[in-house]
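Below is one structure; the comments refer to it alone.
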Amino acid sequence: MEENSLAAIPSNSVTQEFRILSSQEVEFSLNVNNLSYSVKLEPRVTLLDALREKLGLMGTKKACDRGECGACTVLVNNRRINSCMTLAIMHIGAAITTIEGLAEDGKLHPLQTAFITHDAFQCGYCTSGQIVSALGMILEEKPKSEAEIREKMSGNLCRCGAYPNIIAAIQDVLEEKEDAAI
2 MEENSLAAIP SNSVTQEFRI LSSQEVEFSL NVNNLSYSVK LEPRVTLLDA
52 LREKLGLMGT KKACDRGECG ACTVLVNNRR INSCMTLAIM HIGAAITTIE
102 GLAEDGKLHP LQTAFITHDA FQCGYCTSGQ IVSALGMILE EKPKSEAEIR
152 EKMSGNLCRC GAYPNIIAAI QDVLEEKEDA AI
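Written out as structure tokens, the structure reads:
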């Protein structure tokens, strides 16, 4: 018979542990789009809510709020995550990239340009999550086929059904910009 118990907290960290586990706001820094932001949040605030409500970065969309649609996809240390399913406080020291951080010096990222060229959106609500997810997919491991792109992008839903154009945009970037810095 196993017994459920809490692990003992070392005495020198009791105060800090209590603050993090409480509903009191905690001050910490987030590195978003290569800028450091000091935020004061309750530990239970999701990364999505911190980005939108505290930092004013509205490109990351709140849709299902259950990690099912991918509209809230951001990169954390170049890996895709659903920002609605993680707490902001968990990403202290991590490099967070949102759709707003993809353009450089006023020039759109190749994926952003390809989405426009291929009309890879209709209502546009899922577009930021689709683009960020596509970049994450490429950074993780470049897909070798259309089927692999479809599989690796399956966590991002498009209610308008723009999937053929989304796939074409991604393929365009992979084929024509293979040696380019993505």
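Residue numbers for the sequence shown, in this note's numbering: 2 to 183. Note that beta-carbon positions come from the ideal geometry of N, C-alpha and C, so glycine has one too. The structure presented is a predicted model; accordingly, all values stated were derived computationally and were not measured.
Check whether the Cβ atoms of residue i and residue j lie closer than 8 angstroms to each other.
i: SER30; j: GLU43; result: no
i: LEU76; j: VAL133; result: yes
i: ILE100; j: THR47; result: no
i: ALA135; j: ASN166; result: no
i: ASN157; j: THR98; result: no
i: GLU26; j: LYS41; result: yes
Count the other CB atoms, across all protein chains shown, that sit within 10 Å of the CB of residue i; report buried if there are 16 or more and exposed otherwise.
i: GLU177; result: exposed
i: THR128; result: buried
i: CYS205; result: Residue 205 lies beyond the range of the chain shown here (2 to 183); nothing can be said about it.
i: GLY162; result: exposed
i: LEU49; result: buried
i: PRO144; result: buried
i: ARG1; result: Residue numbering for the chain in the displayed model covers 2 to 183; residue 1 lies beyond these limits and cannot be assessed.
i: LYS108; result: exposed
i: ALA89; result: buried
i: GLY137; result: buried
i: ILE139; result: buried
i: ASP106; result: exposed
i: PRO11; result: Model confidence at PRO11 stands at a pLDDT of 48, short of 50, so the residue's coordinates are unreliable; what they give is reported in the following sentence. It is exposed - the Cβ of PRO11 has fewer than 16 other Cβ atoms within 10 Å.
Which one of the options has the shortest CA to CA distance from residue i?
i: CYS159; options: ALA72, ALA115, MET86, ILE90; result: ALA72
i: LEU52; options: GLY102, GLN113, ALA115; result: GLY102
i: ALA115; options: ALA169, LEU140, LEU49, GLU54; result: ALA169
i: MET91; options: ILE171, PRO165, SER155, GLU28; result: GLU28
i: TYR126; options: GLU141, HIS119, THR74; result: THR74
i: ARG45; options: TYR38, THR87, GLY94, ILE117; result: THR87
i: GLU141; options: LYS153, GLU147, ALA148; result: LYS153
Assuming residue i and residue j form a contact by the criterion Cβ under 8 angstroms, report the distance between their Cβ atoms to the nearest whole angstrom.
i: ASN78; j: ALA64; result: Between ALA64 and ASN78 the Cβ distance is about 24 angstroms, and since that is not below 8 angstroms, they are no contact.
i: GLN131; j: ILE150; result: Not quite, the Cβ-Cβ distance comes to about 11 angstroms (not below 8 angstroms), so this is no contact.
i: CYS85; j: GLY68; result: 6 angstroms
Under DSSP, the beta strand (DSSP E) around residue i begins and ends at which residues?
i: PHE29; result: 27-33
i: THR98; result: 96-98
i: ILE82; result: 80-83
i: VAL77; result: 74-77
i: VAL40; result: 36-42
Quick one: give me the first and last residue of the alpha helix (DSSP H) that residue i is part of.
i: ALA135; result: 128-141
i: ILE117; result: 111-118
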